[in-house]
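Q: My questions will all concern the structure given below.
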Amino acid sequence: MAKEIKTNAMRILESNGVLYSVYTLDIKEALDGESVAHLLKVNENCFFKTLVTVGKSGEYYVFMVPVNESLDLKKGAKVVGEKDLEMLPLKELLPLTGYVHGGCSPVGMKKQFKTVINDTCNIYNEIYFSGGKIGVSVKVNKDDFINKFKIIVADIIR
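With numbering that gives the first Met the number 0, the residue at position 149 of the sequence shown is 148, and numbering never jumps.
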């Protein structure tokens, strides 16, 4: 019998009372989010990738954008009150968040950073994002997730 996958992200969703469904792919290396959405037969617009940035102030921020879109750093900076934002260098992702590229979840990082999700999420009742491990995704009720984790909803895509 296969062992049930339980990631830190899932434990934190549970402890906050957010119900979720798990979707797994048998992959060992990171795929882009569009490929993951395609393999899971999920609408790319409700499947969100997790991007980590650093502001001019040295503060870190997490942005969730649909896998088929790009983060607009200027819009993101304005939303979080920064003059400027840069993408976090890949080599700093694991030490900062505890997650690897391709398995980075907005939930369960070593520290909870201010998180912003693109406002297109409002079109959907349920959204998908990384479950905290390569090949593992979760589906959650969007409103429960946003409310329990105090996620900011704003227009942050190009």
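Cβ atoms here follow ideal geometry from the backbone N, Cα and C, with glycine treated the same way.
#1: Are the segment 116-132 and the segment 80-91 touching, with three or more C-beta to C-beta distances below 8 Å?
#2: Going by C-alpha distance, which of D143, K149 and V152 is nearest E13?
#3: My output table needs one value for R10: the three-state DSSP class, helix, strand or coil.
#4: How would you call S56, buried or exposed, if buried means at least 16 neighbouring beta carbons within 10 angstroms?
#5: For F62, list the residues DSSP reports as bridge partners.
#6: Return yes when the Cβ of C103 is within less than 8 Å of the Cβ of V53, no when it is not.
#7: Thinking C-beta only, is G131 closer than 8 Å to T6?
#8: Using a Cβ-Cβ cut-off of 7 Å (strictly less than) and excluding sequence neighbours within five positions of D71, which residues of its own chain qualify?
#9: Going by C-alpha distance, which of N117, N146, N140 and L38 is nearest T23?
A: In short, the structure shows the following:
#1: no
#2: The residue given as residue 13 occupies position 14 in the sequence shown. Cα-wise, what sits closest to E13 is D143.
#3: Within the sequence shown, numbered from 1, the residue matching residue 10 stands at position 11. Helix, per DSSP.
#4: Position 57 of the sequence shown holds residue 56. S56 comes out exposed.
#5: By one-based count along the sequence shown, residue 62 stands at place 63. According to DSSP, which records beta bridges pairwise, F62 is partnered with L50 and V115.
#6: Along the sequence shown, read from residue 1 onward, the residue named residue 53 stands at position 54. Along the sequence shown, read from residue 1 onward, the residue named residue 103 stands at position 104. 8 Å or more divides the Cβ of V53 from the Cβ of C103.
#7: Looking up residue 6 in the sequence shown gives position 7. Looking up residue 131 in the sequence shown gives position 132. Taking 8 Å as the Cβ cut-off, T6 and G131 qualify as a contacting pair.
#8: Sequence index remark: in the sequence shown, residue 71 carries index 72 (1-based). For D71, where only same-chain residues beyond five positions count, the Cβ hits under 7 Å are I155, I156 and R157.
#9: Here the question's residue 23 lines up with position 24 in the sequence shown. Selected option, being the one with the closest Cα: L38.
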